[in-house]
Structure formats: C-alpha cells, structure tokens
Amino acid sequence: MTNYRAARPRFLLAAVAAGTLLLTTACGGDQKPAQDQAATTPPTAATTAAGTPTPAPTPTPTAKPTGATDPALKPFYGQQISWAACAPDARAAEAKIDTSLMKCGKLHVPLDYADPAGEALDLALIKLPAGKQDQRIGSLMVNPGGPGGSGVEMVKFGAEQFDGTLHNRFDVIGFDPRGTGGSSPVVCLDDKQRDALNAQDDPLDPQEAKALSDKQEAEYIAACQAKSGKLLPFVGTRSTARDLDVLRAAVGDQKLNYLGISYGTYLGALYAEEFPGNTGRLILDAAVDPAQESLDSSVSQIIGFAKSFERFAVDCVENHADECALGKSSAKAAKKAADFLDGLRDKPLPTKDGRKVGSGLAWTGVTQMLYGDEKTYWPYLRLAFAEAMQARQGNVLLASADESNGRDDTGHYDPSEAALVAVRCADGASSAPTPEQAQAAVAKLRQEAPLLTKDVTAEDFTEGSCAGWPFKSPEKPHTVRAEGSAPILVVGSTGDPATPYAAAESLAKGFANATLLTRVGEGHGAFGKGNGCIDAAYAAYLTEGTLPAAGTRCS
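Per our numbering, numbering of the sequence shown is gapless, rising by one per residue and ending at 1931.
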C-alpha cells in the first residue's frame, strides 16, 4: 500500500503496480508496441504444446443479458450502449494515432449495488470494433492495471498492440473503472498541491519526518473526504467486478472474455469469484496475489525493484559501456547509482522547465523506467543517468517521474494517484501491521534490498496503511478459488519487479481451474513485449480456447 503522499518515498515506490506499459515511454519518445505475432509466429514444439480446447464462447450482438438475479438490476443489465464517434483528443492527434475506427460510449451502473434504486454512475467506454466482422467472436474487455489505470487510454493509445488476431476477432473494449479517468474520478489534491508534494524530500530526522507525514496524511484524507467523500466507500474492486458483469451483458456477451494486467489481474480474479458461471476466457497477466497481506506485498515489490535495479546496473556496465555513466565495475554500479540518487537530496538537478529534481523525484523516475526491459525503458534509463551524472541535468528523470505521477506537459495531473489510494483502501488495506511485523519487514529489506531501503524504519510501514481512511472495508486477503469458472490463464514474468513471479504462481495455484504460463525476461507484464510465444499463446487461448501445456516457458 502506498502512503498518502503524491511524492512517494523510494521504499514505497514499488507498491505502485501501474501497469501502463502500453503508453508512451516515460521519456517522451514513442514506445512502439509490438504487433500481434500470433498469426505468423506460433510457439515452437520445444516451448509449448497444445492443451485441451475449451468450448468456444457464442456471444452475439443480440444475446440476452444473463446474470442479473436482482430485479432492481435488470435496467442496468438490459441497457443499450449508445456507441458514437469519440471526441477529438489532442494528445492522440499529436501522437498521430488514428482514432477514426474507435467508438466511445457510457455504461450506467449503480453507485451502491446494495441500493440499485439510488444514485448511479456513468463509466467511460471505448471500443475498437473487430477488424473482421464476419469472424467476430465477441468482445475482449481490457484493464491496464493501477488501480487507477485507464482502460480507455489503454485501447486508444495502445491499439497497435492488438493488431492481428485479437483485433480481427474481437471488439476490444476498454473502460475506466469507477473512481478513475472519465468515470467519476476520485479527486483529492489540486495540481499545485501535487507539484509541491512531489518536489519535497522527506526530512532525515525521524521525528521531523513523522510529524510531516502525520500532517500530510491528515490533510490528504480531509481533502479526499471533502471532494469525493460520497464516492470513497464504493470504489472497491468488488464493485468494479460487478460493473464488469453489467458491461458484459450490455454488449450482448454471454461470457466474459478479459485481459487484465497487474492490478487488472485482481479485478479478473474477483470477477471469477463473483461470477464463475459467466467466465469465458480470462488472461491475468503480471499477477497480483489476492491472498497476500499488504505488508508482504509491499516488501516483495520493493525487493523486486531492487533486484531489477541491480540487473539494470550490471547490464549497463557490461553491455553498454560506451554510454553507461555508472563506472566500469559491474559489482559497484548499482551502489554508485543509488548513492548518486540519494545525494540529490542536498544537490537537486536543474531542468529546462525550472523545476528541481531531488532524491524523491529522481527515484520515482528511475522506478518508472524499471517497469520496462532492456529493449524498452532501460535505454532511456541509461540516458537518464548519463544526463544526470555527467551533464548535471534532470530532464529525463523528471519526464519519467511525471509519467509515473500522471503529470502532463501543461502541469495537469490525471486522477490516477488519488484513485490508487482510494481503491487500495477500499480493497481492505485498512489495518496497520504490528510494530513487530513492521520491524521484521525492515530487517528483511535491509538484507535483500539495502540500496533502496537505507532510511526505512518500522514506522514507515505502520504509518503507510489505510488506518486513518474515512471508512472501514470488509475486504480481507484471501485465496480466490472461483469454483465453477472456465479455465483461467495466469501469466507471470520471471524478472517482473512490480508483481514478482511468485505472485503468479500463488494465484494460479489458488484457482480451482487455471494454467500458469511463464515469460522468462525482465519488465512488468508479458502482453505487448514482442514475444512471439506469448502472443501466440494468447491468441490460441482467446480464439480457440486452447491453453498452453502445463509448465510452458516463453523466452
């Protein structure tokens, strides 16, 4: 669980599994999404074998909605979405993204499913219609992660990643979950307040740091309560899972076909738990373990980022010596980089827009680029260190930090940060760990992630919970079995820093009916990485119901 500050201390940066790999790179250049290779690059026999096909779903545009057991919900399940041309988007136009084939709409859902006759919300939708309508299977719902990520932007800015089989056979539909993006977003702080918090490093003195943290936490909670108090109890993932079932019915699909990345795997898991009989083909990529306590999850993520940071530093020195600013010793490179970033607390870097990059912002920028791999974000991370350490400029680090924090070139922040806090607190992270648990976590981090946790104390974890949130959630960590669901495909990457591979193993093992697919490689998530084996497995499962053989590993 992140703390309430927009400027996240580096020991909490890893708790944010943003899952936004499909958007532009943190450094402002275009990350060219890998096109779907399923039609031309099948998995090799040595890598995978055909599993047992599952019955093909048979949704049609006129299928009758199913799953509404409460008569009061029938108007929601039976609604017709009015799809129309999407409003002009300056960012898409600037990026030369063709949105002419896309359609936008709204989904009407109850604010509180316990009171369907009460207030309602409209959720923002986008659809990329199937390229081959005569071969259309149905819809593929997508969620990019977060919590707080925009499914609308995932489709709008990442449409290339669905090119080929997936786009040909499915209407790809993105939605902004309640409390995010264009769906009644949670609002807490304004842009100036966010800028001020991001620019401020925590005091080194423990008492000063605690006093500042307590003050900022109280102010943050008060701001969220004042601006979004009515919404806060109803933005939890279980409510979003119910929205997803309404969406399934409203587009005429009898079964849900779904691709969820990072936090999107938690949404998919809760959907399967709530509506096992409505599951079609679910891919849960970069898995979150719903049985893991918040403290354990944070510790695992911090260690994951620390290991990724170390592997980046070694790769920089050994394979890119001509452009690496981290010295000539691969054994010392990571420490040199970490010491430099820590030193920015006293000597922040100037940037072309006048802002300064201190230690907190710099670590945020580095962590954002660790979501990628040696082919995507790592080249920009090498550039960031070269610019910072040799030219004493922080432009690349700042651009990456802005990407992480949801800040655009005009200084406006998207609502993802507030949504992340609100959804995580609504999902049950409401009790702080005991002092003994927190101290054990610190000891583990000192041993396994020393470069990222130099100043960590037990209080950092006990204070970084949702204990002061304005309502208490009944949600608790638990194993999701989803008895009676269709087969689920869980995907994990061995070098994933944000959702370590062990979480995918645990999620797959917990399900009553699931197969684990492994991508061997760096970075967060497997979708859109240009891995032909992964792409082919996704296409085979979604279009034919053919699961990869147990134990399949894609290199």
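Every residue, glycine too, gets a C-beta built ideally from N, C-alpha and C.
Rounded Cβ spacing between residue i and residue j (contact assumed at less than 8 angstroms)
i	j	result
Pro-1791	Gly-1640	Rounded, the Cβ-Cβ distance is 18 angstroms, inconsistent with contact.
Glu-1694	Ser-1684	Incorrect: roughly 16 angstroms between the Cβ atoms, too far for contact.
Thr-1829	Asn-1771	The pair is not a contact, with the Cβ atoms about 28 angstroms apart (cut-off 8 angstroms).
Val-1742	Leu-1717	7 angstroms
Ser-1869	Ala-1662	7 angstroms
Leu-1542	Lys-1711	With 8 angstroms as the limit, Leu-1542 and Lys-1711 do not qualify as a contact, their Cβ atoms being about 43 angstroms apart.
Asn-1633	Phe-1761	Their Cβ separation, rounded to whole angstroms, is 42 angstroms, which puts Asn-1633 and Phe-1761 out of contact at 8 angstroms.
Thr-1919	Ile-1513	6 angstroms
Pro-1873	Gly-1680	4 angstroms
Ile-1502	Val-1528	5 angstroms
Ala-1648	Val-1856	7 angstroms
Ile-1597	Pro-1811	Not a contact, Cβ separation roughly 22 angstroms.
Backbone secondary structure at residue i - three-state DSSP
i	result
Leu-1702	coil
Thr-1870	strand
Asp-1474	coil
Asp-1784	coil
Ala-1925	coil
Cys-1480	strand
Val-1733	strand
Ala-1587	helix
Pro-1652	helix
Gly-1404	Confidence at Gly-1404 is low in this model, with a pLDDT of 29, below 50, so its placement is unreliable and the value that follows should be read with caution. Note: Gly-1404 maps to coil in three-state DSSP.
Ile-1679	helix
Tyr-1917	helix
Asp-1498	strand
Pro-1486	strand
Ile-1457	coil
Asp-1665	coil
Pro-1451	helix
Ala-1912	helix
Leu-1504	strand
Leu-1325	Because the chain is modelled from 1377 through 1931, residue 1325 falls outside the range shown and cannot be assessed.
Lys-1712	helix
Phe-1688	helix
Val-1856	coil
Tyr-1753	coil
Leu-1580	coil
Gln-1509	helix
Which residues DSSP lists as bridging residue i, in chain order
i	result
Ala-1617	Looking at the DSSP assignment, Ala-1617 forms no beta bridge with any residue, so it has no partner.
Ser-1515	Asp-1547
Gly-1636	Asn-1519 and Leu-1660
Cys-1930	Arg-1895
Pro-1726	Lys-1732
Leu-1717	Looking at the DSSP assignment, Leu-1717 forms no beta bridge with any residue, so it has no partner.
Leu-1623	For Leu-1623, which the question treats as bridged, DSSP gives no partner whatsoever.
Leu-1646	DSSP, once it has assigned bridges, lists no residue as partnering Leu-1646.
Leu-1865	Ile-1659 and Thr-1891
Cβ-Cβ distance between residue i and residue j below 9 angstroms
i	j	result
Val-1664	Lys-1603	no
Asn-1574	Ala-1777	yes
Ser-1458	Leu-1499	no
Leu-1516	Phe-1538	yes
Gly-1844	Glu-1593	yes
Gly-1555	Ala-1795	yes
Gln-1668	Ser-1476	no
Asp-1894	Tyr-1877	The identity of residue 1894 in the sequence shown is Thr, whereas the question assumes Asp. In this structure, Tyr-1877 lies closer than 9 angstroms to Thr-1894 by Cβ.
Ala-1834	Ala-1817	yes
Gly-1644	Leu-1660	yes
Trp-1754	Asp-1836	no
Gly-1494	Val-1518	no
Val-1611	Pro-1520	no
Leu-1483	Ala-1626	yes
Thr-1613	Leu-1658	no
Ala-1506	Asn-1544	yes
Gly-1748	Gly-1525	no
Ala-1764	Leu-1725	yes
Trp-1697	Lys-1708	It should be noted that the sequence gives Ala, not Trp, for residue 1697. No, Cβ-Cβ distance for Ala-1697 and Lys-1708 is not below 9 angstroms.
Asn-1889	Ile-1910	no
Ala-1814	Ser-1673	no
Asp-1619	Gly-1736	no
Asp-1362	Gly-1908	With the chain covering 1377 to 1931 only, the question about residue 1362 has no answer from this structure.
Ala-1916	Val-1867	no
Lys-1532	Asp-1465	yes
Glu-1851	Gly-1804	yes
Any non-hydrogen atom of the ligand HEM within 8 angstroms of residue i CB
i	result
Asp-1698	You won't find the ligand HEM in this model; it holds no ligand whatsoever.
3 or more residues per run - each beta strand (DSSP E) lying fully within the stretch 1523-1572 = Whole beta strand (DSSP E) segments, 3+ residues: 1546-1551.
At what residue ranges does the stretch 1872-1902 contain a whole run of the alpha helix (DSSP H), taking only runs of 4 or more?
-> 1877-1886
Along the chain, which unbroken stretches of the alpha helix (DSSP H) at least 4 residues long are found entirely within the stretch 1765-1835?
-> 1771-1781, 1792-1802 and 1811-1824
Taking only runs of the beta strand (DSSP E) that begin and end inside the stretch 1590-1614, which ones reach a length of at least 3 residues, in chain order?
-> none
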